[in-house]
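Structure record follows, encoded as structure tokens.
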Amino acid sequence: AQSVTQLDSQVPVFEEAPVELRCNYSSSVSVYLFWYVQYPNQGLQLLLKYLSGSTLVKGINGFEAEFNKSQTSFHLRKPSVHISDTAEYFCAVAGNAGNMLTFGGGTRLMVKP
Amino acid sequence: DVKVTQSSRYLVKRTGEKVFLECVQDMDHENMFWYRQDPGLGLRLIYFSYDVKMKEKGDIPEGYSVSREKKERFSLILESASTNQTSMYLCASSLDREWWVGYTFGSGTRLTVV
Numbered sequence: 050a051q052s053v054t055q056l057d058s059q060v061p062v063f064e065e066a067p068v069e070l071r072c073n074y075s076s077s078v079s080v081y082l083f084w085y086v087q088y089p090n091q092g093l094q095l096l097l098k099y100l101s102g103s104t105l106v107k108g109i110n111g112f113e114a115e116f117n118k119s120q121t122s123f124h125l126r127k128p129s130v131h132i133s134d135t136a137e138y139f140c141a142v143a144g145n146a147g148n149m150l151t152f153g154g155g156t157r158l159m160v161k162p
Numbered sequence: 050d051v052k053v054t055q056s057s058r059y060l061v062k063r064t065g066e067k068v069f070l071e072c073v074q075d076m077d078h079e080n081m082f083w084y085r086q087d088p089g090l091g092l093r094l095i096y097f098s099y100d101v102k103m104k105e106k107g108d109i110p111e112g113y114s115v116s117r118e119k120k121e122r123f124s125l126i127l128e129s130a131s132t133n134q135t136s137m138y139l140c141a142s143s144l145d146r147e148w149w150v151g152y153t154f155g156s157g158t159r160l161t162v163v
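Chain order of the listed sequences is A and B. Positions in the first sequence are counted from 1; adding 49 to them yields our numbering. Positions in the second sequence are counted from 1; adding 49 to them yields our numbering.
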């Protein structure tokens with residue numbers, strides 16, 4: 050079985066500041082990791098994913114994440130946030146079968162002017 | 050682009066009513082999923098389906114059932130709605146042979162049971 054823990058339920062940050070949203074996972078098998086974003090009153094959209102290869106993954110809207118196997122983490126980062134990045138962010142993990150995702154509890158990013 | 054369409058954005062139902070939430074996808078995806086989303090609890094899987102007429106329980110199936118008579122449509126049924134089923138419901142789909150693409154989500158249905 051696998052699980053995902055998002056360590057912060059809310060992250061307030063000022064516009065143009067850097068941000069890191071933390072995600073830790075547990076799994077007994079090889080993992081595939083995803084970050085999704087949910088803007089207000091919308092469904093979830095895929096931001097980026099790690100399947101294999103380079104541990105630094107770049108996604109849409111200037112976000113990137115780093116897979117760290119030894120720390121079982123997949124933290125999401127952006128060097129300079131905008132008001133429009135205000136949303137809820139979900140980390141998810143898939144196991145060997147790949148077709149089932151387990152989601153974390155979500156982190157609400159609040160960007161203030 | 051794949052589209053996943055949920056028939057209602059907002060619904061208000063009375064306790065004890067039978068409620069149907071509909072989800073349709075237009076890209077021939079084998080896999081379809083129903084989640085509920087509550088603050089602080091993230092997304093919890095209710096039911097999923099890998100094929101027509103096939104269904105599997107997720108983590109919180111109690112009080113729900115599903116129907117998949119056609120590949121493109123996956124319905125969530127609340128047999129007798131209760132106030133603790135007030136939530137946001139999200140439908141998702143994925144292509145089994147290209148699972149690495151991830152899920153495509155609908156916009157959600159916010160259900161209030163009064």
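We treat Cβ as the ideally placed atom computed from N, Cα and C, and that holds for glycine.
Interface criterion met: the Cβ of G91 of chain B is under 7 Å from a Cβ in chain A.
In chain order, E79 and N80 place their CB closer than 6 Å to the CB of D145 of chain B, counting only its own chain and leaving out the 5 sequence neighbours on each side. When DSSP states are grouped into helix, strand and coil, G91 of chain B belongs to the strand group. Assignment of beta-bridge partners to R126 of chain A by DSSP yields A:E69 and A:E113. In this structure, A:D134 is the residue among A:D134, A:F152 and A:L150 with its C-alpha nearest to the C-alpha of K161 of chain A.
Membership of Y59 of chain B in the beta strand (DSSP E) is indicated by the continuous run Y59 to K62. Distance from the CA atom of G155 of chain B to the CA atom of L139 of chain B, rounded to whole angstroms, is 6 Å. If you draw a 10 Å sphere on the C-beta of I132 of chain A, you find fewer than 16 other C-beta atoms in it, and that means exposed. Under the three-state reduction of DSSP output, S142 of chain B falls in the strand class.
Rounded to whole angstroms, K104 of chain B and C72 of chain B show a C-alpha spacing of 15 Å.
Going by C-alpha positions, N73 of chain A is about 4 Å away from S122 of chain A.
In the three-state reduction of the DSSP assignment, V162 of chain B falls in the strand class, which pools E and B. In the structure shown, T132 of chain B falls within a helical segment according to DSSP collapsed to helix, strand and coil. The three-state reading of DSSP puts E64 of chain A in coil, since its state is none of H, G, I, E or B.
Rounded to whole angstroms, K106 of chain B and L92 of chain B show a C-alpha spacing of 15 Å.
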